[in-house]
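Going down the list, the protein sequences come from chains D and G. Residue numbering for the first sequence follows our numbering, beginning at 8 and increasing consecutively. Residue numbering for the second sequence follows our numbering, beginning at 8 and increasing consecutively. Backbone N, C-alpha and C define an ideal beta-carbon position, used for all residues, glycine too. These notes are about the structure you will find just below.
There are 2 protein chains.
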Amino acid sequence: MAEDPRIERSRRVVRDAVLDELADSGYGDLTIEGVARRAGVGKSTVYRHWPDKAALVIDALEHAHHDLVPDLESGTARDRVVRLVGHVAEVATDARFSRCIAALVDAAERDVRLREFHHQYSSDRRSELAAVIRSGVDDGDFDRATDVDAAVVAILGVVFYRRFMTAQPVTAADAAPIVDAVMPTPLT
Amino acid sequence: MAEDPRIERSRRVVRDAVLDELADSGYGDLTIEGVARRAGVGKSTVYRHWPDKAALVIDALEHAHHDLVPDLESGTARDRVVRLVGHVAEVATDARFSRCIAALVDAAERDVRLREFHHQYSSDRRSELAAVIRSGVDDGDFDRATDVDAAVVAILGVVFYRRFMTAQPVTAADAAPIVDAVMPTPLT
DNA sequence: TCAGAGCGATACGCCACCGTATCACAGTGG
DNA sequence: CCACTGTGATACGGTGGCGTATCGCTCTGA
Chain D
8 MAEDPRIERS RRVVRDAVLD ELADSGYGDL TIEGVARRAG VGKSTVYRHW PDKAALVIDA
68 LEHAHHDLVP DLESGTARDR VVRLVGHVAE VATDARFSRC IAALVDAAER DVRLREFHHQ
128 YSSDRRSELA AVIRSGVDDG DFDRATDVDA AVVAILGVVF YRRFMTAQPV TAADAAPIVD
188 AVMPTPLT
Chain G
8 MAEDPRIERS RRVVRDAVLD ELADSGYGDL TIEGVARRAG VGKSTVYRHW PDKAALVIDA
68 LEHAHHDLVP DLESGTARDR VVRLVGHVAE VATDARFSRC IAALVDAAER DVRLREFHHQ
128 YSSDRRSELA AVIRSGVDDG DFDRATDVDA AVVAILGVVF YRRFMTAQPV TAADAAPIVD
188 AVMPTPLT
């Protein structure tokens, strides 16, 4: 009853090619034929599994987790926040993935489906960071009066602004000072 | 010796059409024919004045100042900072211009010339804000120890992050609280 | 072993844009 | 008044993507 392994294999290589194409060409210049070519797959195979470009791109992005997930179990809450922010900085500097983000942001301006996906996706990412920060507030690592949602936006704002608007993207090593700047250690 | 007025007229309507097209279609789907059509101009006229798409888009963006410039003369330095940030928020929510920014950020990932323009342009905008903040530091409106460049990135980061990654963009009315959060009033 | 399903290849007509060339026309400035 | 030049229209061959259809091959799983 298991699905034909050829199906999952096709889907995997096509999704991977979509990310490559998206990074290289952007959403507007991404073509189904280009994806199929890059995936080493017949065009018909792509049309067999996805109805259109938007669905294809959304599906590819949905499956694009990074295997390396930061350790959010050990260390103080502040350590965990710094590790998570460092991880975000790494993702935001990854050559392929970060260009996919730029393409997604741009495409979201013009396509409702991509906009909904984009907003949901980044909202989920903010929730993750908010949860870790909140545990830091509970632990006394951060000031009791911390506005968690504002802190999340302040931190991610710096990371993404520097990546997409300047030539000095945030590195993982910058994570700690940024977290400190946004949420100074309480004087206990 | 003055230039034929038809030339400047052509350039103006084409540049305007480029911004419309860029906002509606993004960089990848922007076509010269589409621009000419939208401008109500022959395709040859566009090719007569610009060598290619990148030059055309860069030129259009270079000429795309907003006529409304915030008052940076009167009021305290803090007032001026708040007004400038409010202005940035307005520009970042302007339907046409903000979509052009998204298109530019995306295109800058893949085209050197657009990247250089983009980095230069946004660097200039940061310098403007930095100068006003610096005068506020000198006036004692802000803490003497303020890291001006970091404050600039913190403020613009929030504005752009909220505009492009969330469904709650910053409004002009949000400018004051954001400035206050990043640069608290010194206790004198 | 074998029926069925997924596959890549190929070809289809259609359409849009590319960048260039040519043309008659009208605005411009001397 | 007139030579000049910028103009929009139109046409060109070329390219490449669209979405669909058809093919024979091969892998899969009962």
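Put simply, the CB of G/L163 is near chain D, with a gap under 9 angstroms to one of its CB atoms.
In the same chain as G/D150, and ignoring 5 residues on each side of it, the C-beta atoms closer than 8 angstroms to its own belong to V144, M190, P191 and P193, in chain order.
With a beta-carbon spacing of about 6 angstroms, D/R170 and D/S105 fall inside the 8 angstroms limit used to define contacts. Taking the beta carbon of D/A188 as reference, the chain G residues within 9 angstroms of it are D154, A157 and A161, listed in sequence order. It is roughly 11 angstroms from the alpha-carbon of D/A174 to the alpha-carbon of G/A115.
The segment 75–83 of chain G makes contact with the segment 91–107 of chain G: 3 or more CB pairs, one atom from each, lie closer than 8 angstroms. Within the model, the alpha-carbon separation for D/E10 versus D/R16 is close to 11 angstroms. Among the CB atoms of chain D, none fall inside 9 angstroms of the CB of G/V95. Uninterrupted alpha helix (DSSP H) stretches at least 4 residues long and entirely within the segment 37–80 of chain D occur at 39–46, 50–56 and 60–69, given in chain order.
In this structure, the CA atom of D/C107 is about 7 angstroms from the CA atom of D/L26.
Of all C-beta pairs linking the segment 50–68 of chain D to the segment 33–41 of chain D, three or more are shorter than 8 angstroms, placing the two stretches in contact.
Judged by DSSP in its simplified three-state form, G/V177 adopts coil rather than helix or strand. By a beta-carbon distance limit of 8 angstroms, D/L68 does not contact D/L136. Their separation comes to about 19 angstroms. Taken atom to atom, the span from the alpha-carbon of D/R117 to that of G/S32 is near 7 angstroms. Annotation for G/R106: the continuous alpha helix (DSSP H) segment containing it runs A102 to A115.
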